[in-house]
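Quick note on this note's numbering: the sequence shown kicks off at 6 and runs consecutively.
Heads up, the beta-carbon is just placed ideally off N, CA and C, and yes, glycines get one too.
Here's the structure we're looking at; comments come further down.
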Amino acid sequence: YTTNPVVATGDGFALAHRAGVTLADMEFVQFHPTALDTPENPLQLISEAVRGEGAVLVNDRDDRFMAKRHRLAELAPRDVVARGIFREQRRGHRVYLDARKLGPRFAKRFPGIFAICMARGIDPRRDLIPVTPAAHYMMGGIVTDLCGKSSMERLYAVGELARTGVHGANRLASNSLLEGLVFAERVARELAGASELSSLPKTGQWEVPRLTDRGAAQVAADAVRAVMWQHAGISRTAKGLRACLSGLAEIEKRLPEGATEEQNLVQTGRLIAEAALLRKESRGGHYRADYPRAKRAWRGRHVELLGS
C-alpha cells in the first residue's frame, strides 16, 4: 500500500548506490496511518487534519482502539497510529475513520477530501471512511551536506531522495516542503557559484536496454511490493527481514532483460531491508517487533550503506 505515484520506483537510490555514493537511514520509512482503503494504486490520502478536527478511528466492532493505546489517541505520532491500525488489521478487523459528527462542516472544511470520498461512493457526512496505513515518505537517502552535495564529486541530491538530516527518524507533517523548496534553492545557488562546472568532461553515450517482457516485469514489480509489505513494512523482525532479502534475490533472478525500473525497485528494497536488519531497536518510522524499544546506544547513530 502506498500513496506515492507509480513512477516513484526508487531509481535515484539505486543509481547512487551502484555508483558508489554513500546512503544512510534507509530503514526510516514513514507510513501514513490513514490512506483511503480502496482497490487502487496509489491510494488517496485522508489528511490527519480530519482527525485534528475531531474524527476518530474505529474498527468494525465500533471499538475506538487508539484511545487505549496512547494518551493522544488518534493524534499520536504517525508511526504510533499506523501501528495501531496495522495491529487491528492483523487481527482480522477493518478500520474506519468516523467523521460523521462533523456533518455538513466536513464538505466545507475539507472540500478536496470530500470530493475524493464522494467519487468513490463514500459520503463522510453519513458513512464511515475505510482507511489503511500506506508507505508515504523516505527519511533516508543519499547523504548530503546542507547545500545538497553528496559523497561523489559534482553529484548533488535534492528532495525526498536526499538524506539531509533535517527529518531525523520521523518526518513532521509538511516538512517535505522544506526538502523541496529550501534545499532546491540552496542547491541552485551552490551550482551557480561552482566554477568547476564550467569545464565538465564530455559524457559518453548511455542507452537503457529495451524491455523484452513487460508482463514479467510487472509480475516482478508486484512481487517486490508484496514481499516488502509483508516483511519490511510497518512491523519488522530479523526473521522477516532475512526472508525479505531472500525473496528479493529470487525476484532479481527472474527479471527479464531490460527491466531497469524493476531492478531499481529490488535494489531500493534491499537497501531498506539491510538497514532495518542492522538497526536492532525501534525508533521513529522503524519498528522492530523483536526490539520494540529505542536503545540509548543507538541514539545519534546512523546506518550508512556504502555504494557497490
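What does the Cβ neighbour count give for D30, buried or exposed, with the cut at 16 atoms within 10 Å?
Sequence index remark: in the sequence shown, residue 30 carries index 25 (1-based). It is buried - the Cβ of D30 has at least 16 other Cβ atoms within 10 Å.
Residue interval of the beta strand (DSSP E) (run including A140):
In the sequence shown, residue 140 corresponds to position 135, counting from 1. Where A140 is concerned, the enclosing beta strand (DSSP E) stretches over I134 to M143.
Report the residue ranges of all beta strand (DSSP E) runs contained in full by the segment 19 to 76; include only those spanning at least 3 residues, in chain order.
34 to 41 and 61 to 64
Determine the burial state of T217: buried for a count of at least 16 other Cβ atoms within 10 Å of its Cβ, exposed for fewer.
Within the sequence shown, the letter at position 212 stands for residue 217. Exposed, because fewer than 16 other Cβ atoms sit within 10 Å of the Cβ of T217.
Exposure of Q268, with buried meaning 16 or more beta-carbon neighbours within 10 Å:
Taking the first residue of the sequence shown as 1, we reach residue 268 at position 263. Answer is buried; the Cβ neighbour count reaches 16.
Within 10 Å of its beta-carbon, does P135 have 16 or more other beta-carbons around it, so buried, or fewer, so exposed?
As a position in the sequence shown, residue 135 is number 130, starting the count at 1. So P135 counts as buried.
Residue(s) in a DSSP beta bridge with G274
Residue 274 sits at position 269 when you count from the first residue of the sequence shown. Looking at the DSSP assignment, G274 forms no beta bridge with any residue, so it has no partner.
Looking at the structure shown, is H291 part of a helix, part of a strand, or coil, going by DSSP?
Sequence index remark: in the sequence shown, residue 291 carries index 286 (1-based). Correct three-state label for H291: strand.
Secondary structure, beta strand (DSSP E): runs of 3+ residues fully inside the segment 164 to 232:
none
Sort out for me which residues DSSP pairs R241 with in a bridge.
Within the sequence shown, the letter at position 236 stands for residue 241. Partner(s): R293.
Would R191 pass as a contact of C152 if the rule is Cβ separation under 7 Å?
Here residue 191 corresponds to residue number 186 of the sequence shown, with the count starting at 1. Here residue 152 corresponds to residue number 147 of the sequence shown, with the count starting at 1. Contact: yes.
What's the call for Q272, buried or exposed, on a 16-neighbour Cβ count within 10 Å?
Position 267 of the sequence shown, counted from the start, is the residue given in the question as residue 272. Its Cβ being crowded by 16 or more others within 10 Å, Q272 is buried.
Checking 7 Å against the spacing of the C-beta atoms, do G290 and V34 come in under that value?
Here residue 290 corresponds to residue number 285 of the sequence shown, with the count starting at 1. Here residue 34 corresponds to residue number 29 of the sequence shown, with the count starting at 1. Yes, Cβ-Cβ distance for G290 and V34 is below 7 Å.
If we count the other Cβ atoms within 10 Å of its Cβ and call it buried at 16 or more, is E255 buried or exposed?
Along the sequence shown, read from residue 1 onward, the residue named residue 255 stands at position 250. Answer is exposed; the Cβ neighbour count stays below 16.
Proximity of T14 and P47 at Cβ, strictly below 7 Å:
Residue numbering aside, residue 14 sits at position 9 when the sequence shown is read from its first letter. Residue numbering aside, residue 47 sits at position 42 when the sequence shown is read from its first letter. Cβ distance not < 7 Å, so T14 and P47 don't count as in contact.
Assign T208 to one of two classes, buried (16 or more other C-beta atoms within 10 Å of its C-beta) or exposed (fewer than that).
Working through the sequence shown from its first residue, we reach residue 208 at position 203. It is exposed - the Cβ of T208 has fewer than 16 other Cβ atoms within 10 Å.
Considering just the uninterrupted stretch of the alpha helix (DSSP H) at I90, what are its terminal residues?
The residue you call residue 90 lines up with position 85 of the sequence shown. Per DSSP, I90 belongs to the alpha helix (DSSP H) from R83 to R95.
For E266 and D16, believed in contact at Cβ under 8 Å, the rounded distance:
As a working mapping, residue 16 is identified with position 11 in the sequence shown. As a working mapping, residue 266 is identified with position 261 in the sequence shown. Sure, about 7 Å apart at Cβ, within 8 Å.
Give the secondary structure of T8 by DSSP, where H, G and I count as helix, E and B as strand, and everything else as coil.
Taking the sequence shown and counting its residues from 1, the one referred to as residue 8 is at position 3. Looking at T8 - three-state DSSP - the assignment turns out to be coil, as it is neither helix nor strand.
Candidates A280, F111 and A294: closest to M143 by CA position
For the purposes of this step, residue 143 is taken as residue 138 along the sequence shown, with counting starting at 1. That would be A280, whose Cα lies nearest to the Cα of M143.
Determine whether the beta carbon atoms of L80 and D103 lie at a separation below 7 Å.
By 1-based counting over the sequence shown, the position of residue 80 is 75. By 1-based counting over the sequence shown, the position of residue 103 is 98. The answer is no: Cβ separation not under 7 Å.
Which residues DSSP lists as bridging V100, in chain order
Within the sequence shown, the letter at position 95 stands for residue 100. Partner(s): N64.
Looking at C-alpha atoms only, which residue of G126, I90 and T43 is the closest neighbour of F36?
Against the sequence shown, residue 36 aligns to sequence position 31. Answer by Cα proximity: I90.
Going by the CB atoms, is the gap between L253 and G274 shorter than 7 Å?
Stepping through the sequence shown from its first residue, residue 274 is reached at position 269. Stepping through the sequence shown from its first residue, residue 253 is reached at position 248. Taking 7 Å as the Cβ cut-off, G274 and L253 qualify as a contacting pair.
Using the beta-carbon count (16 or more within 10 Å), is V229 buried or exposed?
To locate residue 229, count along the sequence shown from 1; it is residue 224. Classification of V229: buried, given that the 10 Å Cβ count is 16 or more.
Note down the Cα distance separating K154 from S181, rounded to an integer number of angstroms.
Counting from one through the sequence shown, the residue named residue 154 turns up at place 149. Counting from one through the sequence shown, the residue named residue 181 turns up at place 176. Their Cα atoms are separated by approximately 18 Å.
With distances taken between CB atoms, is the gap from V86 to P38 smaller than 7 Å?
Translated into positions along the sequence shown, residue 86 becomes position 81. Translated into positions along the sequence shown, residue 38 becomes position 33. Contact flag set, yes.
The beta strand (DSSP E) with I121 in it runs from where to where?
By 1-based counting over the sequence shown, the position of residue 121 is 116. For I121, no beta strand (DSSP E) encloses it; the enclosing alpha helix (DSSP H) starts and ends at P116 to A124.
Hey, P261 and A222 are a contact pair by Cβ (cut 8 Å); roughly how many whole angstroms apart?
Counting from 1 along the sequence shown, the entry for residue 261 is found at position 256. Counting from 1 along the sequence shown, the entry for residue 222 is found at position 217. Yes, they are in contact, since the Cβ atoms of P261 and A222 sit about 6 Å apart, within 8 Å.
According to DSSP, residues forming a beta bridge with G146:
Mapped onto the sequence shown, residue 146 falls at position 141. G146 pairs with A29.
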